[in-house]
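S.K.: Counting along the sequence shown from 1, when you hit position 180 you're at 184 in the numbering used here, and nothing is skipped either side.
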Amino acid sequence: MATTTPNGAAATAPPATEPEGRYPFGIPFGWFQVAWSHELERGQVLPRYYFGRHLVLWRDEEGVAHLNDAFCPHLGAHLGHGGSVIGTDLACPFHGWRFCGDGTNTAIPYSERTNARATIGSYPLVELGDHFLYAWFHPHGDEPHWPLHEPEELHDPAFTDWSTRHFSVAAATQELGENAVDGPHFRYVHNTEIVPEIQSYDTEGHVASMRSIQRFPTPRGVVDGRIDVDNHGPGMGITRFSGIVDTFLIGAAIPVDATRCEVRFSFKVRRLDDGDATSGVGKAFISEVCKQLEEDRPIWENKAHLTRPALADTDPPFLKFRKWYAQFYADAPDTTSAVWTPPPPTDGQPVYLPPEATASRRHRPDDVG
Ligand code: FES
Ligand SMILES: [Fe+2]
Numbered sequence: 005m006a007t008t009t010p011n012g013a014a015a016t017a018p019p020a021t022e023p024e025g026r027y028p029f030g031i032p033f034g035w036f037q038v039a040w041s042h043e044l045e046r047g048q049v050l051p052r053y054y055f056g057r058h059l060v061l062w063r064d065e066e067g068v069a070h071l072n073d074a075f076c077p078h079l080g081a082h083l084g085h086g087g088s089v090i091g092t093d094l095a096c097p098f099h100g101w102r103f104c105g106d107g108t109n110t111a112i113p114y115s116e117r118t119n120a121r122a123t124i125g126s127y128p129l130v131e132l133g134d135h136f137l138y139a140w141f142h143p144h145g146d147e148p149h150w151p152l153h154e155p156e157e158l159h160d161p162a163f164t165d166w167s168t169r170h171f172s173v174a175a176a177t178q179e180l181g182e183n184a185v186d187g188p189h190f191r192y193v194h195n196t197e198i199v200p201e202i203q204s205y206d207t208e209g210h211v212a213s214m215r216s217i218q219r220f221p222t223p224r225g226v227v228d229g230r231i232d233v234d235n236h237g238p239g240m241g242i243t244r245f246s247g248i249v250d251t252f253l254i255g256a257a258i259p260v261d262a263t264r265c266e267v268r269f270s271f272k273v274r275r276l277d278d279g280d281a282t283s284g285v286g287k288a289f290i291s292e293v294c295k296q297l298e299e300d301r302p303i304w305e306n307k308a309h310l311t312r313p314a315l316a317d318t319d320p321p322f323l324k325f326r327k328w329y330a331q332f333y334a335d336a337p338d339t340t341s342a343v344w345t346p347p348p349p350t351d352g353q354p355v356y357l358p359p360e361a362t363a364s365r366r367h368r369p370d371d372v373g
């Protein structure tokens, strides 16, 4: 959007700085990990906030997990704060109305009848490998556009059990996803001498696949390895590292809202003959990947999103990644600005006062006797 200054010159409108205007895009649709299975026991009810929505995650007494909108249609109580499970129903803490997983009102304890209009929104939920709870989110309520991918390593006994890590990041999931194709940043952000060499980056429908060669520096010299990444929509990134030790990683980003997300890492390491070595090498590798996330964080949280970045001819396929990712937005992006920045800082930034300002405060003319 261009405005006209008093002297008639065109000026670019200042970039959007409101939190909700930090990015030109909204919340993507797809399958997103809302929990690990063990976090939700039979009969447990948890309040959650994802996709810019208040939600309730619960598991009925038959063991089936459900994700619903949080507010009771009767008088608006949050079902995740004090709601309870009765059989296959979720009961509201306020007046005891009950709902089943599809959101239908199944009982009103002080009435013979139910209220057919009183429904709560529900989200398709899949329990994957007894370890992951993935929910389908679409801002307009579309049914899943693709089935949830089930990686073959999930049940492979050649791998260890899962090791998991959980982070929250004040940036959109797309910004984190872009990291996957960004080989050059390794040298500057992660201080690695040798950066991954991308062999191919292909997209087909909701899947984007990157194949790369990575030479890992180790105390015993450089080891040739691979990093192969398959993104199944915006919420499931599968990375297979090989070279030092075969490591299988499910990286799951989930939007908290349009400007924040959580990331869950679930690792499995291929067992070596020596159990101690497996756990030692695995732990070192996992802590390196998590360290890298912490190194990326200040970049993601403070960067602007440029809709037309200035690129080098040798840059990786950033625009191909963005074109692939754009399919997951149900609504067209905001095109009123080319530069989208974080909101102004509200704390943690020292306010600089020049010495003369401090001095003049101390010696205001009024003070002079
Ligand atoms: S608000 Fe839920 S039963 Fe009344
Ligand atoms: Fe990174």
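All C-beta atoms, glycine included, are put in the ideal place defined by N, C-alpha and C. Computed from a prediction, not measured in an experiment: that's the story for all the values here.
With a threshold of 8 Å, are at least 3 pairs of Cβ atoms found where one atom belongs to the stretch 79 to 86 and the other to the stretch 47 to 65?
M.R.: Yes: at least three Cβ pairs fall under 8 Å.
S.K.: Taking contact to mean 3 or more Cβ pairs, one atom from each stretch, closer than 8 Å, check whether the stretch 61 to 81 and the stretch 154 to 170 are in contact.
M.R.: Cβ pair count under 8 Å is below three, so no.
S.K.: By Cβ distance below 6 Å, which residues in the same chain neighbour His367 in space, the five residues on each side in sequence not counted?
M.R.: Position 363 of the sequence shown holds residue 367. Caution is warranted here: a pLDDT of 41 is assigned to His367, below 50, making its placement in the model unreliable, and the coordinate value is therefore given only provisionally. There are no such residues.
S.K.: Just to confirm, are Thr311 and Pro28 a CB contact at a threshold of 8 Å?
M.R.: Looking up residue 311 in the sequence shown gives position 307. Looking up residue 28 in the sequence shown gives position 24. Their beta carbons are under 8 Å apart, which means Thr311 touches Pro28 by this criterion.
S.K.: Let me check you understand the geometry: is the CB of His99 closer than 7 Å to at least one non-hydrogen atom of ligand 1?
M.R.: Working through the sequence shown from its first residue, we reach residue 99 at position 95. Answer for His99: yes, Cβ within range of ligand 1.
S.K.: Determine the direct distance from the alpha carbon of Ser246 to that of Met214, and round the result to whole angstroms.
M.R.: In the sequence shown, the residue the question calls residue 214 occupies position 210. In the sequence shown, the residue the question calls residue 246 occupies position 242. Each residue's Cα considered, the two are about 14 Å apart.
S.K.: My parser needs the beta strand (DSSP E) runs of 3 or more residues fully inside the stretch 43 to 78; what are they?
M.R.: As far as the stretch 43 to 78 is concerned, its whole beta strand (DSSP E) runs of at least 3 residues are 49 to 54, 57 to 63, 69 to 73.
S.K.: Between which two residues does the beta strand (DSSP E) harbouring Cys265 extend?
M.R.: Taking the first residue of the sequence shown as 1, we reach residue 265 at position 261. Element bounds for Cys265: 265 to 273.
S.K.: If we count the other Cβ atoms within 10 Å of its Cβ and call it buried at 16 or more, is Ala120 buried or exposed?
M.R.: Here residue 120 refers to the residue found at position 116 of the sequence shown. Burial call: exposed.
S.K.: Go ahead and label Trp140 buried or exposed: buried means 16 or more other beta carbons lie within 10 angstroms of its beta carbon, across all protein chains shown.
M.R.: As a first step, residue 140 is located in the sequence shown; it is residue number 136 there, counting from the start. Buried: at least 16 other Cβ atoms inside 10 Å.
S.K.: In angstroms with no decimal places, state the Cα-to-Cα distance between Asn306 and Gly209.
M.R.: By 1-based counting over the sequence shown, the position of residue 306 is 302. By 1-based counting over the sequence shown, the position of residue 209 is 205. C-alpha separation (whole angstroms): 31 Å.
S.K.: What distance in whole Å lies between the Cβ atoms of Cys96 and Ala81, which are believed to be in contact at a cut-off of 8 Å?
M.R.: The residue labelled residue 81 in the question sits at position 77 within the sequence shown. The residue labelled residue 96 in the question sits at position 92 within the sequence shown. 5 Å between Cβ atoms; contact.
S.K.: In terms of residue numbering, what span does the alpha helix (DSSP H) encompassing Asp300 cover?
M.R.: Numbered from its first residue, the sequence shown carries residue 300 at position 296. Start and end: 279 to 306.
S.K.: Does the beta-carbon of Ala119, which I'm using as the reference point, lie nearer than 7 Å to any heavy atom of ligand 2?
M.R.: As a first step, residue 119 must be located in the sequence shown, where it is residue number 115. In the sequence under discussion, the amino acid at residue 119 is Asn, which differs from the Ala named in the question. No, ligand 2 has no heavy atom inside 7 Å of this Cβ.
S.K.: Taking Phe136 as the reference, give the member of Asp280, Gly286, Glu154 with the closest Cα.
M.R.: Numbered from its first residue, the sequence shown carries residue 136 at position 132. The residue with the shortest Cα to Cα distance from Phe136 is Glu154.
S.K.: On a CA-only basis, which of Asp319, His170, Tyr53, Gly56 is nearest Val267? Give me that one, please.
M.R.: Position 263 of the sequence shown, counted from the first residue, corresponds to residue 267. The shortest Cα separation from Val267 among Asp319, His170, Tyr53, Gly56 belongs to His170.
S.K.: Have a look at Pro128, Asp165, Pro223, Pro259 and flag the residue whose alpha-carbon is nearest the alpha-carbon of Leu253.
M.R.: For this step, residue 253 is matched to residue 249 along the sequence shown. Checking every option, the nearest Cα to that of Leu253 belongs to Asp165.
S.K.: Taking only three categories from DSSP, how would you classify Gln331?
M.R.: Counting from one through the sequence shown, the residue named residue 331 turns up at place 327. If DSSP states are grouped into helix, strand and coil, Gln331 belongs with coil.
S.K.: Any chance the CB of Asn183 is under 7 Å from a heavy atom of ligand 2?
M.R.: Translated into the one-based positions of the sequence shown, residue 183 becomes position 179. Because some heavy atom of ligand 2 lies under 7 Å away, the Cβ of Asn183 counts as near it: yes.
S.K.: Using 8 Å as the threshold, is the stretch 254 to 261 in touch with the stretch 187 to 197, meaning 3 or more CB pairs across them?
M.R.: No: fewer than three Cβ pairs fall under 8 Å.
S.K.: Less than 7 Å separating the Cβ of His85 from some heavy atom of ligand 1?
M.R.: As a first step, residue 85 must be located in the sequence shown, where it is residue number 81. For ligand 1, not one heavy atom lies less than 7 Å from the Cβ of His85.
S.K.: Counting only the same chain and skipping the five closest in sequence on each side, list residues whose C-beta sits under 6 Å from that of Val227.
M.R.: Start at 1 with the first residue of the sequence shown, and residue 227 comes out as number 223. Around Val227: Phe220, Gly247, Ile248.
S.K.: What do you reckon, is the C-beta of His78 under 7 Å from a heavy atom of ligand 1?
M.R.: Position 74 of the sequence shown, counted from the start, is the residue given in the question as residue 78. Yes, since a heavy atom of ligand 1 falls inside the 7 Å radius drawn around the Cβ of His78.
S.K.: Starting from the Cα of Leu180, find the closest Cα among Pro238, Asp146, Ala212 and give me that residue.
M.R.: As a first step, residue 180 must be located in the sequence shown, where it is residue number 176. Checking every option, the nearest Cα to that of Leu180 belongs to Pro238.
S.K.: Check each candidate in Leu132, Ser341, Thr108, Gly56 and name the one with the smallest Cα separation from Leu152.
M.R.: For this step, residue 152 is matched to residue 148 along the sequence shown. Closest option to Leu152, Cα to Cα, is Leu132.
S.K.: Could you check what DSSP says for Arg244 in three-state terms: helix, strand or coil?
M.R.: In the sequence shown, counting from the first residue as 1, residue 244 sits at position 240. Arg244: strand per DSSP, three-state reduction.
S.K.: Excluding sequence positions up to five away, which residues of its chain have a Cβ less than 7 Å from the Cβ of Met240?
M.R.: Here residue 240 refers to the residue found at position 236 when the sequence shown is read from its first residue. Once the five neighbours on either side are set aside, the close Cβ partners of Met240 are Trp35, His153, Ile254, Ala256.
S.K.: What's the call for Pro321, buried or exposed, on a 16-neighbour Cβ count within 10 Å?
M.R.: One-based indexing of the sequence shown puts residue 321 at position 317. Classification of Pro321: buried, given that the 10 Å Cβ count is 16 or more.
S.K.: In the DSSP output, what is Val389 paired with across the bridge?
M.R.: This structure leaves residue 389 out entirely; the chain is present only between 5 and 373.
S.K.: Could you give the first and the last residue of the continuous alpha helix (DSSP H) run that contains Gly181?
M.R.: The residue labelled residue 181 in the question sits at position 177 within the sequence shown. 177 to 182 is the extent of the alpha helix (DSSP H) around Gly181.
S.K.: Helix, strand or coil for Phe220 per DSSP?
M.R.: Along the sequence shown, read from residue 1 onward, the residue named residue 220 stands at position 216. Phe220 falls in the strand class under three-state DSSP.
S.K.: Which residues in the same chain as Val199 place their Cβ atom closer than 7 Å to its Cβ, once the five residues preceding and following it in sequence are excluded?
M.R.: Counted from its first residue, the sequence shown places residue 199 at position 195. So the list reads Gly187, Pro188, Phe190, Arg191, once near-sequence residues are dropped.
S.K.: Does DSSP put Val199 in a helix, a strand or coil?
M.R.: The residue labelled residue 199 in the question sits at position 195 within the sequence shown. Of the three classes helix, strand and coil, the one that applies to Val199 here is coil, per DSSP.
S.K.: What separation, rounded to the nearest whole angstrom, lies between the Cα atoms of Val285 and Asp278?
M.R.: Along the sequence shown, read from residue 1 onward, the residue named residue 285 stands at position 281. Along the sequence shown, read from residue 1 onward, the residue named residue 278 stands at position 274. So the alpha carbons of these two residues sit roughly 11 Å apart.
S.K.: Would you give the residue range spanned by the beta strand (DSSP E) that Val185 belongs to?
M.R.: Sequence index remark: in the sequence shown, residue 185 carries index 181 (1-based). Here Val185 belongs to no beta strand (DSSP E), and DSSP marks it neither H nor E.
S.K.: Can you round the beta-carbon distance between Ile290 and Ser167 to whole angstroms, since I take them to be within the 8 Å contact cut?
M.R.: The count along the sequence shown starts at 1 and reaches residue 290 at position 286. The count along the sequence shown starts at 1 and reaches residue 167 at position 163. That pair is a contact at about 6 Å.
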